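Chemist: In this note's numbering, the protein residues as written are 10 to 342.
Backbone N, C-alpha and C fix where the C-beta goes; we use that ideal spot for every residue, glycine too.
Small disclaimer: the values here were computed from a predicted structure and weren't measured.
#1: Look at the alpha carbon of residue 316 and the alpha carbon of residue 180, and state the distance between them as a whole number of angstroms.
#2: Where do the N-terminal and C-terminal ends of the beta strand (DSSP E) with residue 180 fall, by residue?
#3: Which residues does DSSP list as the beta-bridge partners of residue 305?
#4: In three-state DSSP terms, what is residue 290?
#5: Quick one: residues in its chain with C-beta nearer than 7 Å to the C-beta of residue 334, no 5 flanking neighbours on either side, listed in chain order?
#6: When you compare only the Cα positions, how much space is there between residue 191 and residue 325?
#7: If residue 242 sits next to residue 296, beta carbons under 8 Å apart, how far is it from one beta carbon to the other, in whole angstroms?
#8: By the three-class DSSP mapping on this structure, what secondary structure does residue 151 have?
#9: Any contact between the stretch 280-292 and the stretch 248-256? By contact I mean 3 or more CB pairs, one from each, below 8 Å.
#10: Whose C-beta lies closer than 6 Å to the C-beta of residue 132 among residues of the same chain, with five residues either side of it excluded?
#11: Measure the Cβ-Cβ separation of residue 48 and residue 72 and say whether it is below 8 Å.
#12: Measure from the alpha carbon of residue 309 to the alpha carbon of each residue in 294, 301, 327 and 303, then state which is nearest.
#13: Taking just the CA atoms, how far does residue 330 sit from residue 339?
#14: Output needed for residue 302: all residues of its chain with C-beta closer than 6 Å, excluding positions within five of it in sequence on either side, in chain order.
#15: Taking residue 287 as the reference, give the member of 273, 304 and 266 with the closest Cα.
#16: Less than 8 Å separating the beta-carbons of residue 92 and residue 45?
#17: For the alpha helix (DSSP H) containing residue 133, name the first residue and the last one.
#18: Quick one: what's got a C-beta closer than 6 Å to residue 138's C-beta in the same chain, skipping five residues either side?
#19: Using the Cα positions of residue 154 and residue 186, report the straight-line distance between them to the nearest angstrom.
#20: Indicate the three-state DSSP secondary structure (helix, strand or coil) for residue 66 in the structure shown.
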């Protein structure tokens, strides 16, 4: 039998019945979109079926129905091969947002009361130290004690992905590239220095120059690369001529700190975050001591996501605090 699915072509005629918006809106089953999102994330029918707790034929049938309704082939499949088509990638980008909006509907309806009691989910890079943010959270809780809050720690890239998918209220993280579909506001600026732990031969020495660091092992962050968000830190490590081999790596600041203290190597940390450990004798700051690389931490949110009252109030409370506070006061040296 000849397939009902037309080829995945971008030049389909405007009068093709497969592309009538009203027909698609009328016939499209939102559950098919959810299944497709899980399938695209899983990269195999078997894994998607396990995550959805369905049989493999059910997932395959759902994909087939979705392709027939949209009139496009969405996935190229063959033994050992699974890849989204151009149409599949486009649908996935939109379906992620639609799925996020649908998931939020019941929460928004449930919170239609006079008292603010919604839930706010923040995705944050690890160990964000910002008194302005802490104050905004404290003021929000005093004003709306029935509202709840969760903070999940992610890599900055994953935090932004959660916001893009409308699974998070907003993110507090580092930013490499600005997505035009998201909004950004700089929350604070921090400066990175190089540190070592008590077991390191350079620990406790105050007679060091940058040349003394040459050849020593180092630990760092996964984003410490020339093409990534911590590029200035990468350049600082290169300037210090640290060993080419990184002996420890993590996306979480706490784990980079752990490896530095354990003596795995010299590593970068925000100076204001490491200050207490320096006072407690757990870390020692190494050269360079001036012209340290500056890294900005942003608040990132999706203006296309419908927010509950708690999310809206907290986000605007943070943004108002940013506007009212000069950048110098939000710069931690």
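Modeler: Result, derived from the coordinates:
#1: 14 Å
#2: 179-183
#3: 198
#4: coil
#5: 141
#6: 15 Å
#7: The pair is not a contact, with the Cβ atoms about 15 Å apart (cut-off 8 Å).
#8: helix
#9: no
#10: 161, 163, 168, 171, 177 and 180
#11: yes
#12: 327
#13: 10 Å
#14: 201, 241, 242 and 245
#15: 266
#16: no
#17: Per DSSP, residue 133 belongs to no alpha helix (DSSP H); it is in the beta strand (DSSP E), 128-133.
#18: 282
#19: 36 Å
#20: helix
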